[in-house]
Each structure stands twice: as structure tokens, then as C-alpha cells.
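Quick notes on the structure that follows.
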Amino acid sequence: SQRRYASYFQNMLSDNIRPSQPPLLLSRIVLSTPPKFARGPSQEFDKEQDQWGCAPYLQLFKGGKLVFTAPATTTAPKLEETKEESTPATDKEEGTDQASATTTKPPASNSNASALPFCHVGHGSVSFHVQQIVQGDVLIRCRHLTAKRQRVSMFRAAFHTGYIGGRHVL
1 SQRRYASYFQ NMLSDNIRPS QPPLLLSRIV LSTPPKFARG PSQEFDKEQD QWGCAPYLQL
61 FKGGKLVFTA PATTTAPKLE ETKEESTPAT DKEEGTDQAS ATTTKPPASN SNASALPFCH
121 VGHGSVSFHV QQIVQGDVLI RCRHLTAKRQ RVSMFRAAFH TGYIGGRHVL
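Written as C-alpha cells, this is what we have:
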């Protein structure tokens, strides 16, 4: 994200062109493999490393405010659910990592809206179905919900829609 924004500023200074802010549809975000943040519920895997994975959820921020939260889906035939009794607490602003009283439930498409799926490395790619219109500066943060209900930031990425053309993959 930092290199991307340095490139944005370089283009703006050299060409003296300000970016437009066209609205774009952010349809989905795909991780080629789940990050290894925890050992998941026991399943039979050929490799021990495939037991690792995470219980990810995605947060979308516009103007520093949380506007959307989505659970992950995998290419696995059946998702394992975490043993959590409630959804991940969400932060009101992107800069905070402390719990707040605000919670955002995963979309109703999740069969058990009270738990997040655990995505094992052996299951292949992980997708977040977003289907949100974004415009201007956008921040995406992906978090892991631990078995003790702690939220761990796995990564974040930022971009400006004025520098992305049409059907673009970041």
C-alpha cells in the first residue's frame, strides 16, 4: 500500500493530474491460501502443515469508518466452524485495535451466523464476497478470530479508486 501511494503521488506531481474518484464495484477479495495463524479443528490431512489456517474475516473502511464486514468462504467442500458463540466485534475506526460495543454480524448467507469458518491451508483459496461500491480512498483489513475471541490483524491494504481502471486485479 505504501509503494502504491508513493506511485500515486509521483504520477500526480510529474503529470500534475489529480485522480478522479469514479465509483467501482469491489466484488470479491481472494487469498491464494489461508495464512497460518492457528491450528484448526482436527481433520485428516496428508501433511501436518495443512492443519494450520485461520478464522478470517474482512473489514472494509471508507474515510476511516468501518462500512462492511464479511466472513470467508473456501474452496473446501465443507467449512469447519470455530467454537465461538458470537461474531467478531468490529472497530468503529480503522486506526483502533481495541474492542468496541459495536458488532457486525456476517451476512445471512453464512449457515451459522454465530461462528466464523476456519479455513485450513489444505482447503485451497479463501474468498471474501464483498459486492460493495467503493470510491476514493479505501482500506481493507483482514483479521483472524482466535479461539479465545481475540482479534489479530493479518494484513491491510489501501488503494484509491482514481488510480484503478476498469476490471483490475490488485
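Residue 31 in the UniProt record's numbering sits at position 31 of the sequence shown; the count goes up by one each step and never skips.
For each residue, glycine too, the CB sits at the ideal point set by N, CA and C.
Residue environment, residue i, which counts as buried when at least 16 other CB atoms sit within 10 Å
i      : result
Gly63  : exposed
Gln150 : exposed
Arg141 : buried
Leu13  : exposed
Pro71  : buried
Thr102 : Because the pLDDT at Thr102 is just 30, under 50, the model does not fix this residue reliably, and the value given afterwards should be weighed accordingly. With fewer than 16 Cβ atoms within 10 Å of its Cβ, Thr102 is classed as exposed.
Phe9   : exposed
Leu25  : exposed
Thr82  : A caution first: Thr82 carries a pLDDT of 42, below 50, which makes its placement in the model unreliable, though a value can still be read off. Classification for Thr82: buried.
Residue closest to residue i, alpha-carbon to alpha-carbon, out of the options
i      : options                           : result
Phe37  : Gln131, Phe118, Gly136 and Gly162 : Phe118
Thr146 : Tyr57, Pro23 and Ile164           : Tyr57
Lys65  : Asn11, Phe155, Val134 and Val152  : Val134
Phe155 : Gln132, Leu60 and Ala115          : Leu60
Thr74  : Asp15, Phe68, Pro23 and Ile29     : Ile29
His123 : Asp15, Cys54 and Pro23            : Cys54
Anticipated Cβ contact below 8 Å, residue i with residue j, distance rounded
i      : j      : result
Val130 : Pro34  : Actually they do not touch by this definition, with Cβ atoms about 18 Å apart.
Val152 : His160 : Actually they are not in contact, since the Cβ atoms of Val152 and His160 sit about 27 Å apart, beyond 8 Å.
Contacts around residue i, its chain only, beta-carbon distance under 6 Å, and the 5 residues preceding and following it disregarded
i      : result
Gly162 : Pro19, Ser20 and Gln21
Phe68  : Leu60 and Gln132
Residues of its chain near residue i, where Cβ-Cβ distance is below 7 Å and the 5 sequence neighbours each way are ignored
i      : result
Ser32  : Ser125
Ser27  : Val130 and Gln131
Phe128 : Arg28, Ile29, Leu58, Ala70 and Ala72
Arg39  : Gln51 and Trp52
Nonlocal neighbours in the same chain, by C-beta distance under 8 Å from residue i, ignoring five residues either side
i      : result
Ala158 : Ser1, Arg4, Tyr5, Asp137, Val138, Leu139 and Ile140
Asn11  : Ile17 and Tyr163
Pro23  : Ile133, Val134, Gln135 and Thr161
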